[in-house]
Every structure is written in C-alpha cells, then in structure tokens.
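Numbering (my numbering), first residue to last: 24 to 172.
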C-alpha cells in the first residue's frame, strides 16, 4: 500500500460515522482499495499514474464494471489524502451515509395488517355479553353461534 492508502486506512479502520470499511476488497474482477459494503461504495486512492496514458480509460472501464456490480466508485487523489486527510474522511463518511439504505426508518402508520386480520375494530358485546377471545385472538365458537342466530 502507498503512503496515502496507509494513512487513509488508519483513519477508516476507526469506523468514522459508525461505518465499517474493508481494504483490498475483491469485486467484479478487481481489487478495490477500500469499500464500505453497507453503502456499496468503492473508494480508490489515485496517484499521479492515474492521469497518464491509458489509465483514465482503464479506470472508466473498472468503474463501469463496479457500477454493474452495484458499487459506486469514489476516486480520491492521493495528494488530497496527504494534504487534508480529515476532510477526505468527512467526504467519504457523508457519501456513505447518503448511499446507505434506510434500514431503521419505521413505516408511516405501522406495518400493514397480517393476512386474515380485519382493518376495522371487532363488534362490541351486546346485552351484557362479555367480550371473550380465544388465545389466538379469534372469536369463541359459542359466541359465533350466538351471532348467527
């Protein structure tokens, strides 16, 4: 690993933003520098070599393959890691949080009723009847017979 990659890994392994990162993660036939699996984010630290010859085209093909596998690629220049590591980590955390699924957000109004459950409240007891229920929540058999009369 290069110096910028080592410095970034030292920061990412502390789980900033309560996120877990993996390094040297294999995906879509490539080895990703760092990955946040929850956010499906591939993080690549690019040195000067990524600006030369056919490297930009190769990086585009790699990014397309990762995108097809469900990973967005975030490319970070190595010089930025060396100059502003804290800002780079903040940017990574914000990007991950923006992409992370909302697992813990409750649905409005609660969950839908289960199959067989009615949406309306049960009928109240009549003429001094006691509202009895079976253990499974159904109406007692004798009460069902009385209602059908």
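Glycine is no exception: its CB is placed at the ideal position from the N, C-alpha and C atoms.
*May I ask you to list the residues that DSSP assigns as paired with residue 67?*
Position 44 of the chain shown holds residue 67. According to DSSP, which records beta bridges pairwise, residue 67 is partnered with 98.
*Taking the CB atoms as reference points, tell me whether residue 63 and residue 94 lie closer together than 9 Å.*
In the chain shown, the residue the question calls residue 63 occupies position 40. In the chain shown, the residue the question calls residue 94 occupies position 71. Yes, these two residues count as a Cβ contact at 9 Å.
*Cα-Cα separation between residue 56 and residue 86, rounded to whole angstroms*: As a position in the chain shown, residue 56 is number 33, starting the count at 1. As a position in the chain shown, residue 86 is number 63, starting the count at 1. If you take the alpha carbons of residue 56 and residue 86, they lie about 13 Å apart.
*How about residue 96 and residue 67: are their beta carbons less than 9 Å apart?*
As a working mapping, residue 96 is identified with position 73 in the chain shown. As a working mapping, residue 67 is identified with position 44 in the chain shown. Between residue 96 and residue 67, the C-beta spacing is below 9 Å.
*Name, in chain order, the residues that DSSP records as bridge partners for residue 50.*
Numbered from 1 along the chain shown, position 27 holds the residue referred to as residue 50. Among the bridge pairs identified by DSSP, residue 50 is matched with 53.
*Can you give the Cα-Cα distance for residue 82 and residue 33, rounded to whole angstroms?*
Here the question's residue 82 lines up with position 59 in the chain shown. Here the question's residue 33 lines up with position 10 in the chain shown. Taking the CA atoms as reference points, residue 82 sits about 25 Å from residue 33.
*Should residue 51 and residue 92 be called a contact, given that it needs their Cβ atoms to be closer than 9 Å?*
As a first step, residue 51 is located in the chain shown; it is residue number 28 there, counting from the start. As a first step, residue 92 is located in the chain shown; it is residue number 69 there, counting from the start. Yes, these two residues count as a Cβ contact at 9 Å.
*Considering residue 87, what are the terminal residues of the alpha helix (DSSP H) in which it resides?*
Sequence index remark: in the chain shown, residue 87 carries index 64 (1-based). Unbroken alpha helix (DSSP H) run through residue 87: 78-91.
*Distance between residue 61 and residue 124 (C-alpha atoms, nearest Å)*: By one-based count along the chain shown, residue 124 stands at place 101. By one-based count along the chain shown, residue 61 stands at place 38. Rounded to whole angstroms, residue 124 to residue 61 spans 7 Å at the Cα level.
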